Each structure stands twice: as C-alpha cells, then as structure tokens.
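Down below is the structure, laid out as structure tokens.
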Amino acid sequence: MIEADIAVVGAGPAGLAAASAAAEAGASVVLVDEYPRVGGQYYRQPPAEFRVDDPARLDAEYTRGEHLFRRARHPRIRVLAETLVWGSFEPGTLEIAQAERLERIRARAIIVCTGAYDRPVAFPGWDLPGVMTAGAAQTLVKHQQVLPGRSILLAGSGPFLLPVAKSLIQAGGRIVAVLEATRPRSWLRHAPGVWGHWRYLKEGWDYLRAIRAARVPLAFGWLVLRAEGDARVERVVVARCDDTWRPVPGTERALAVDALCVGYGFVPAIQLTRLLGCEHVYRPLAGGWVPAHDADMQTSVAGVYVAGEVAGIGGSGAALAEGTLAGLAAAARLGLPVPARQLIAACRARQRARQFGQLLNRLFAPRPALGELITDDVVICRCEEVTAGRIRAILADWTANVNAVKALTRAGMGPCQGRICGGLVADLVARGCGRPLDAVDAFHVRPPIKPLPAGLLARLDQPSSEIPSA
Amino acid sequence: MAIHRIEEIQSHSPFERGAPLTIEVDGEPLPARAGETIATAILASGRPALRWTRTRGRPRALYCGIGVCFDCLVIVEGRGTVRACQTFVAPGMRVSLPRPHDER
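The listed protein sequences derive, respectively, from chains A and B.
Note that the numbering used here has the first sequence beginning at 807, numbered continuously upward.
Note that the numbering used here has the second sequence beginning at 19, numbered continuously upward.
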C-alpha cells in the first residue's frame, strides 16, 4: 500500500502544477503517469536514450517544460512513472499496475489530470496505414524524430494544425497542403472575443509565418472526404465545403499523398473520472462530456478533483492554472495553509485561459455535416471492425443507446474500450434515433480501464513489495 | 507506411539516437536504435503495416500515436500483446505481427 496525502493521476501540465502546488503547501504527493518521463503530451520529453546533440539547436518547444520538471522534483513528491491507474474499489484508493506488479494507493484526495486525445473522426479510408491523427504526427516528430510520410496532407479544423505544421516543416517534412475546414469569415462574428488575448494571436501569427515561409499551401473551407489506397493511403479526395461543412458538388480533387494527418480538436479522457463515479455534463464548447466540478475543481465525488484538458479542452494555460487551483484546494481541504495570493492568481489565469479556449472551441467546433461522410462500409469500431452500416441496421427505439449497440454488435468491446468509437457510436444513435447528443448515454466503464495481462491480475491478492519510484 | 527517420532528409535531428541494436520481426533481423519504439523501428524500415485485422485481414499501422487507440498491437515474445507505439525496442527483442486467424 502506498499512502500519501494527495494522489495526482497524469504528469502533464495540469498534473505537474497540481503536484507542485500541493507539495509546496505541505502535502505529501504521489504523482502517477503511464509514460517513462513526466510531461504528458504537451511537454513530451524525448526518450532518455536520445541524447541532445547540440543544445544550441534545441527548439524552445523541447525545453519549455523544464521549470515544471524542476518544481516537480520536490522532496514531498514521489513520482511513479510507467504506472497505470486501472481501477478503484474503495473511495480514496487507486489500483495501479507497473510492468511486473500491482499495488494500491491510498490518498485523502485524488486529482485527475488525465488530459485529452484527438477527437476521432470517421470517414472512408480512415483506418488505412498512413492515415493518423494530427497528434500522432506531432508525437512522431517530437518524440521519435520521424516524419509520417514523404508527401503529407495535414487537414481538419482547429488551431492545433498550426504547431503540427511547424513541427513537420522544421523536421524537413514536405507538406502538400494544410486544409482548414472553416473559413475566416465565419470567425468574424466572434472576433470581439479575442480582445485582450494578444499573446495567443501572436503565437498563431508566428505559426502562419512559418507555413508561409516554407511555401506550404494553406487553404480554408476545404474538407477531407475520403482516403484511398490498397495497403496504405495513396490518395486523399478533398472538396470545398460550405459553412456547415457540406461538400460543394463539383469541387472534388484527389491529392497524391503517403500520409494524411487529421486534426479535429480534442476530447477529454474521462474514463477514470467515470470509473470513480463522478457526474459528467455534456458541454460542446469544452469538447463534449466533461466531469462536473465546482470553483475549487472538486467533482461530485468528495475528495476527487480534476484539472486541465480532462475538465474541458482549453490549452496549457488553463491546465497549469487549474492544476495549481486543484492542488491548493486539495491541500486546503486537508487543513494545510495555502497562500491566498497564489489561489487568486490561479483563479484569474484560469478564467482568462478558459474564456479563450471556449472561443476557439466555438470557432472550430465540428459541424454536423461531418458525420454525413460516413458511408455504410466505414469501420466505426476499429478494434472489432464494426461498420456504420451494421450499427445503423440495428438502430431502433429499444436500441437507442450505445450500450445496447455495444451488446448487439461488439462495438466498444475491443482493447481501446470504446475510447475511439464511443463518440462515433453516440453520434450514429443520435442521428439514427433522433435524440440530442446530451441525451445519449456512454459506454459503461469497468476496471481495468486499460487492458492488463491476466497473469498480473492473477497476483492481485498477493502481497507486493515496495515499488521503485522514478 | 512512409514513416522515415528525420536524418534521411535533414543533415541531422537535434538529437543523437540511442545505441544501435537489432530486434527480430517475424524471424527477420531489423536494425533499430535504443529509445525508438517498436512502431518506429518497423514502420521506418519500409514495412507498410504493424498487423492485419482479425476478421477482414485489413492492414493497420498507427492512428493515435499516444497509446489510446490500441490499433498498433504487436506480439512480443515473453510479454504478449503490446502497443507498438508505447513499447521501446530492446536488443534481441522478438516481435511478430498479428495476422488474421492467428493461433496463439
């Protein structure tokens, strides 16, 4: 049994901020992450075996997490890397797994900072080798120093396409085009909302300059219709689209590529918060289903807090602020003194970041017509190869919920446990049965929330020795 | 897939990859570097896919890249089924790529 005042799950910006704030306030903290090194996605560190060749050549993007990593080396923080939180059988406890053993954490407060992942968007050919998310492209370059292809098409919607384009360009990649589905004139209505957020605008402008300097075509109002190819993607068919993202007839064009990187924003990774019994609410401007929480970031379950992307898509600024807020709030709940000044500053930073985050989510929200690209032959559940046609065929009043669809078709029963197809199945149910999305259920979440080897689970009742920390 | 190491295009990346090592994929030796994932080593060697799906035999490679989608599953001797994008290569590692109706 590992005991601590506060357990933080996820060591990205939110988790690092939460752990540091809590430890600095006097709490003992255990910080758990699946990856070998802290940083999450946003501050993803290269593998320990990759040595920095020439520190002077290192882009600021590789080093901006440094100050947070330093803070997290606090004596009251114990980091458990390569550790998966897979279940919780009693309030205040978390079941964890490392490569060779299982253990339990008991804490008086739990802060869930599990982040988000690329919104899965289905279209014909989305399962072909060479078709991947924008996040995958970014990770390939940043973490593994590889390019996704020799002729790359980057497409979708949202600001994340810009830093990915820059990463690919800096790595020497050849981008055939960057296609954004929305058009700038659709942003005008919301233009007043950018007032005061000049830092973000400057950042965006820098990315656009890099794309321009590399002579990469950037086009607005273009949509990916389908990917084609045999053993891998060879062609992508795109078309102009209107402001509802419906393709304009007669504008289809085929682009020869060997990599298609699609980004349509992010969805919160809420499997653990669901498992812990937290209430969730449907907030399209936050990325979809998010855990409900109060101003202290506490969820409907006493002692369980959330911070960062898992609480709503809002960027690293919001994650850092909320991590600090949650860490301080959890420490205060334990009776530790917290500096009011730090609390107020975090509150303010959070408000500003969330405000801008919501504006971006509004501008680039997926339009409903996106789902019309899904023909019956398109695989929806990638793990179990369940097609849209199969799901549509069984939709009726009594199957107007994703768990019934799951039971009848196996969609959601594969190793990803519905992370990828959950939203897609919900969308098919909503459309097919005429229900609003917030009235459609979600796949039941049961432990383990990621697959574990059976042999490991078989040792569940055996005493385990101390696990080493990172 | 067309994944390739940055060094094939640029003079070099900001990083020096780890020590060279060899893994085995479906019985064939494959050179890789310490710190690379199984997915990188296999896909950067020019192989198009990491597995072929159980029912339809369709090729799959990488989708999410961050360990969420479980599309990149391969079999590592002594460890069982793992996500290729999350598992680092080790000297002498023996990997087999799942195919339909595999009896294992």
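Every residue, glycine too, gets a C-beta built ideally from N, C-alpha and C.
Small disclaimer: the values here were computed from a predicted structure and weren't measured.
query	result
The beta strand (DSSP E) spanning Thr-899 of chain A covers which residue range?	899–903
Can you have a look at Ala-1157 of chain A and say buried or exposed, based on whether 16 or more other CB atoms are within 10 angstroms of its CB?	The sequence given here places Gln at residue 1157 of chain A; Ala does not occur at that position. Classification for Gln-1157 of chain A: exposed.
Quick one: what's got a C-beta closer than 6 angstroms to His-1138 of chain A's C-beta in the same chain, skipping five residues either side?	The residue you asked about is not His; residue 1138 of chain A is Ala in the sequence shown. The residues are Val-1144.
With DSSP collapsed to three states, give me the class of Asp-839 of chain A.	coil
Check this for me: beta carbons of Cys-90 of chain B and Cys-1222 of chain A, under 8 angstroms apart or not?	no
Would you mind working out which of A:Ala-1065, A:Val-1068, A:Gly-1093 and A:Pro-1097 sits nearest Arg-1080 of chain A, comparing C-alpha positions?	A:Pro-1097
Is there contact between the segment 1084–1097 of chain A and the segment 987–996 of chain A, where contact requires at least three CB pairs shorter than 8 angstroms?	no
Taking contact to mean 3 or more Cβ pairs, one atom from each stretch, closer than 8 angstroms, check whether the segment 853–861 of chain A and the segment 808–816 of chain A are in contact.	no
Mind checking Lys-1256 of chain A: buried by the 16 CB within 10 Å criterion, or exposed?	buried
Tell me which residues of the segment 1055–1081 of chain A have at least one Cβ-Cβ distance to chain B shorter than 8 angstroms, keeping chain order.	Asp-1064, Ala-1065 and Ala-1075
Could I get the ranges of all uninterrupted beta strand (DSSP E) runs contained in the segment 925–1005 of chain A, with 3 residues as the minimum, in chain order?	937–939, 958–962 and 981–986
Based on the DSSP secondary-structure assignment, which residues constitute the bridge partners of Trp-1011 of chain A?	Trp-1011 of chain A pairs with nothing; no bridge assigned.
Which residues of chain A have a Cβ atom closer than 9 angstroms to the Cβ of Val-92 of chain B, listed in chain order?	Residues of chain A passing the Cβ test: none, with the nearest at roughly 13 angstroms.
Measuring CB to CB, does Glu-830 of chain A end up less than 8 angstroms from Glu-888 of chain A?	no
So Thr-945 of chain A and Gly-83 of chain B are in contact, right, with Cβ under 8 angstroms, and what is the actual spacing, rounded?	4 angstroms
To test your reading of the DSSP string, which unbroken beta strand (DSSP E) runs of 3 or more residues are found completely within the segment 1144–1197 of chain A?	1185–1187
Report yes if the C-beta distance between Cys-919 of chain A and Gly-1114 of chain A is below 8 angstroms; otherwise report no.	yes
Run down chain B in chain order and give the residues with a C-beta less than 8 angstroms from the C-beta of Thr-939 of chain A.	Tyr-81, Cys-82 and Gly-83
When you compare only the Cα positions, how much space is there between Val-1246 of chain A and Ser-992 of chain A?	29 angstroms
Is there contact between the segment 934–949 of chain A and the segment 1181–1200 of chain A, where contact requires at least three CB pairs shorter than 8 angstroms?	no
Please state whether DSSP places Arg-1216 of chain A in a helix, a strand or coil.	coil
What is the residue span of the alpha helix (DSSP H) that Arg-1089 of chain A lies within?	Premise fails: Arg-1089 of chain A lies in the beta strand (DSSP E), 1086–1089, not in any alpha helix (DSSP H).
My assumption, with CB atoms under 8 angstroms, is that Gly-85 of chain B sits in contact with Phe-856 of chain A. Please give the rounded CB distance.	Actually they do not touch by this definition, with Cβ atoms about 19 angstroms apart.
Enumerate in chain order the residues of its own chain whose CB-to-CB distance from Leu-1024 of chain A is below 6 angstroms, with the five nearest sequence positions on each side excluded.	Val-984 and Ile-1017
Compute the distance between the beta-carbons of Gly-845 of chain A and Gly-818 of chain A, then report whether it is under 8 angstroms.	yes
Counting only Cβ-Cβ distances shorter than 9 angstroms, please list the residues of the segment 1210–1238 of chain A near chain B, keeping chain order.	Gly-1220, Pro-1221, Cys-1222, Gln-1223, Arg-1225 and Ile-1226
Just checking: is the beta-carbon of Thr-105 of chain B within a distance shorter than 8 angstroms of some beta-carbon in chain A?	no
Going by the CB atoms, is the gap between Val-1068 of chain A and Val-1107 of chain A shorter than 8 angstroms?	no
Quick check: the Cα distance between Ala-1232 of chain A and Ala-1217 of chain A, rounded to an integer number of angstroms?	11 angstroms
Quick check on the DSSP output: what are the complete alpha helix (DSSP H) runs of length 4 or more inside the segment 1032–1100 of chain A, in order along the chain?	1077–1081
Considering only their Cβ atoms, is the gap separating Phe-929 of chain A from Arg-1032 of chain A smaller than 8 angstroms?	yes
Count the CB pairs spanning the segment 1174–1183 of chain A and the segment 1046–1060 of chain A that are closer than 8 angstroms, and state whether there are at least three.	yes
Please identify, using Cβ separations under 7 angstroms, the residues of the segment 1173–1194 of chain A that lie next to chain B, in order along the chain.	Arg-1188, Cys-1189 and Glu-1191
Secondary structure at Gly-98 of chain B, three-state DSSP: helix, strand or coil?	strand
Residues in its own chain within less than 7 angstroms of Gly-1195 of chain A by CB, not counting five upstream and five downstream?	Asp-1182 and Asp-1183
To the nearest angstrom, how far is the alpha carbon of Tyr-1006 of chain A from that of Leu-1142 of chain A?	35 angstroms
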